[in-house]
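Data block below; observations after.
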Amino acid sequence: MPKPTVQPRIAILGAGPIGLEAALYARALDYPVTVYESGQPAEQVNRWGHVAMFTPFGQNCTTLGLETLLRENPKREFPGDRAGVTGREWRESYLLPLAESPRLKDCLQLQTTVLTIGRTGWRKTDAADTGKPLPPFRLLVRTAQGQERFDTADVILDCTGNYPRPNWAGDAGIPAAGEIASRPQVSYWVDDVLASKKPHYAGKSIILIGGGYSAATTMVNLAALAEEQQSTWVIWLTHADRGGGPLPRVPSDPWKERDKLAAKANNLACRCDGNLEYHPQTHVEELISHGPDKGFRVAGKVLGKPMSWEVDRVIANVGYRADLTICQELRVSEPAGQFATSEPGYYILGMKSHGRKSGFLLAEGFEQIRRTFAAVSGQKTLDLYTRKAA
Ligand SMILES: Cc1cc2nc3c(=O)[nH]c(=O)nc-3n(C[C@H](O)[C@H](O)[C@H](O)COP(=O)(O)OP(=O)(O)OC[C@H]3O[C@@H](n4cnc5c(N)ncnc54)[C@H](O)[C@@H]3O)c2cc1C
1 MPKPTVQPRI AILGAGPIGL EAALYARALD YPVTVYESGQ PAEQVNRWGH
51 VAMFTPFGQN CTTLGLETLL RENPKREFPG DRAGVTGREW RESYLLPLAE
101 SPRLKDCLQL QTTVLTIGRT GWRKTDAADT GKPLPPFRLL VRTAQGQERF
151 DTADVILDCT GNYPRPNWAG DAGIPAAGEI ASRPQVSYWV DDVLASKKPH
201 YAGKSIILIG GGYSAATTMV NLAALAEEQQ STWVIWLTHA DRGGGPLPRV
251 PSDPWKERDK LAAKANNLAC RCDGNLEYHP QTHVEELISH GPDKGFRVAG
301 KVLGKPMSWE VDRVIANVGY RADLTICQEL RVSEPAGQFA TSEPGYYILG
351 MKSHGRKSGF LLAEGFEQIR RTFAAVSGQK TLDLYTRKAA
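Counting from 1, position 20 in the sequence shown corresponds to residue 20 in full-length UniProt numbering; the numbering is continuous, with no gaps.
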């Protein structure tokens with residue numbers, strides 16, 4: 001199909017790993033592109049930067065990205081394809097250089113938040129089937145200086161991730177009693193309990209809620225902390241009871257680091273030795289903070305029986321969800337794995353495309369980018385990732 005003469009203006013929301021890769025793809029195709037990032041490039045990766053990634057370095061990059069960096073500096077060195085890296089090592093060796101590269105630098109607007117998006121002169125309630133082309137997207141944007149302005153785009157790639165929007169620790173997806181008021185005191189993140197957050201957790205009684213890989217990472221690190229500082233006491237609460245520990249073991253898991261983490265965390269749960277308690281089949285019903293640094297009361301049902309605890313700290317690694325306030329004036333519903341939406345020209349890529357489902361991996365995001373640009377360009381077989389990096 002011949003290239004359209006007027007290229008669509010592309011707005012990319014978020015300069016996380018997927019936003020940066022999407023911007024690179026757009027630049028390679030000569031599309032006019034603007035990337036809006038509310039913080040710094042790969043801001044969220046930096047928050048969990050101490051975590052060892054499941055996937056080796058080579059799986060966390062694209063040929064397009066490596067090619068771009070090598071073209072600029074043929075002597076640049078990267079970790080090996082099979083090297084295990086932490087989030088921070090990946091960010092520093094690959095994502096930040098990409099954001100700094102002349103290819104992307106000019107199109108990045110840092111510390112610039114997209115507040116909400118509509119369509120010029122159009123409302124969600126307007127009939128969509130008039131046959132007329134839809135007007136362009138209208139973005140309300142706020143700069144670091146607090147100034148607001150409107151920008152226009154024809155295609156939106158929403159790569160804003162999920163990490164800052166944690167789920168609730170209560171049952172049924174809703175908050176536990178008291179959790180709304182206690183939210184500022186609870187940590188919903190994968191805290192670096194062995195380094196920057198060590199003074200906050202060492203020697204404390206801690207409840208950890210959650211049974212996924214983030215909770216497993218926190219558990220393994222808390223167990224190491226408890227080994228080092230014997231007065232630390234950890235109580236792990238999970239919904240699941242698989243027998244053999246809370247984490248699923250993926251048969252022949254292609255990501256060995258993920259399987260090792262699951263095995264370690266399950267082992268800790270089953271042994272329950274030292275200063276660790278594990279309570280499966282637990283539903284948290286009450287989560288009350290007594291004030292900043294004054295501890296918590298947590299209550300719920302364990303195997304159907306009421307139980308409560310008084311502890312110093314609560315960590316709730318209970319997953320994340322998509323924030324849809326940006327696109328609430330468009331026909332976009334909560335994503336659950338799909339990247340195209342009911343709003344023509346609006347795509348949700350990356351971690352956010354999974355909505356509340358965990359398990360997003362970068363390889364899926366790179367494939368979403370490829371398919372999105374194949375759709376936008378009208379060239380079904382377009383694939384800029386088939387080339388090998390130099
Ligand atoms: C602890 C942890 C470990 C992981 N390990 C792996 C792994 O080993 N392998 C793997 O493949 N995947 C892994 N993932 C999953 C996934 O690859 C990462 O979460 C990845 O960072 C997702 O990239 P993203 O670009 O979709 O979202 P994010 O990294 O969350 O980036 C979103 C960006 O959008 C910005 N933003 C948000 N809202 C706005 C707005 N309104 N306006 C402008 N900017 C905005 C944010 O500041 C951020 O920079 C891991 C995830 C976590 C949490």
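Note that the Cβ used here is the ideal one computed from N, Cα and C, for glycine as well.
Sequence-distant residues of the same chain with beta carbon closer than 8 Å to residue i, five excluded per side
i	result
residue 174	168
residue 97	69, 76
residue 335	322, 341, 348, 352, 353, 354, 355
residue 363	55, 59
residue 44	16, 161, 163, 164
Assigned exposure category for residue i - 16 Cβ within 10 Å defines buried
i	result
residue 358	exposed
residue 73	exposed
residue 27	buried
residue 153	buried
residue 256	exposed
residue 225	buried
residue 310	exposed
residue 54	buried
residue 290	exposed
residue 191	buried
residue 219	buried
residue 328	exposed
residue 180	exposed
Cβ-heavy atom distance, residue i to ligand 1, below 7 Å
i	result
residue 423	The structure shown does not extend to residue 423, since the chain is modelled only from 1 to 390, so the question has no answer here.
residue 150	no
residue 36	yes
residue 159	yes
residue 117	no
residue 214	yes
residue 42	yes
residue 94	no
residue 98	no
residue 54	yes
residue 314	no
residue 220	no
residue 360	yes
residue 60	yes
residue 250	no
residue 8	no
residue 86	no
residue 113	yes
residue 193	no
residue 166	no
residue 18	yes
residue 365	yes
residue 278	no
residue 108	no
Other residues of its chain near residue i: CB distance less than 7 Å, five sequence neighbours each side excluded
i	result
residue 228	none
residue 240	211, 246, 280
residue 83	56, 57
residue 292	185
Close beta carbons around residue i, own chain, < 6 Å, minus the five adjacent residues each side
i	result
residue 278	236, 269, 272
residue 389	At residue 389, the pLDDT of 45 sits below 50, so the modelled position is not reliable; the number obtained from the coordinates is stated separately. So the qualifying residues of the chain are 63, 66, 67.
residue 391	An answer regarding residue 391 cannot be provided, because it is not within the stretch 1 to 390 covered by the chain.
residue 115	140, 142
residue 262	247, 249
residue 146	none
residue 90	60
Residue-chain proximity (residue i, chain C), Cβ-Cβ < 8 Å
i	result
residue 166	Of the chains in the structure shown, none is chain C; there is only one protein chain.
Inset, instruction - Identify every run of the alpha helix (DSSP H) within the region 326-378, keeping only runs that are complete inside it and at least 4 residues long; order them along the chain. - result: 362-377
Legend entry - Ranges of the alpha helix (DSSP H) found wholly within the region 200-286, counting only runs of at least 4: Under the rule that a run must span 4 or more residues, the alpha helix (DSSP H) segments found entirely inside the region 200-286 read 213-228, 256-271.
Inset, instruction - Could I get the ranges of all uninterrupted beta strand (DSSP E) runs contained in the region 99-156, with 3 residues as the minimum, in chain order? - result: With a minimum length of 3 residues, the continuous beta strand (DSSP E) runs that stay inside the region 99-156 are 113-119, 137-142, 148-153.
Legend entry - Complete runs of the alpha helix (DSSP H) confined to the region 28-105 [at least 4 residues]: 43-47, 63-72, 87-90, 96-100, 102-105
Legend entry - Complete runs of the alpha helix (DSSP H) confined to the region 170-196 [at least 4 residues]: 179-182
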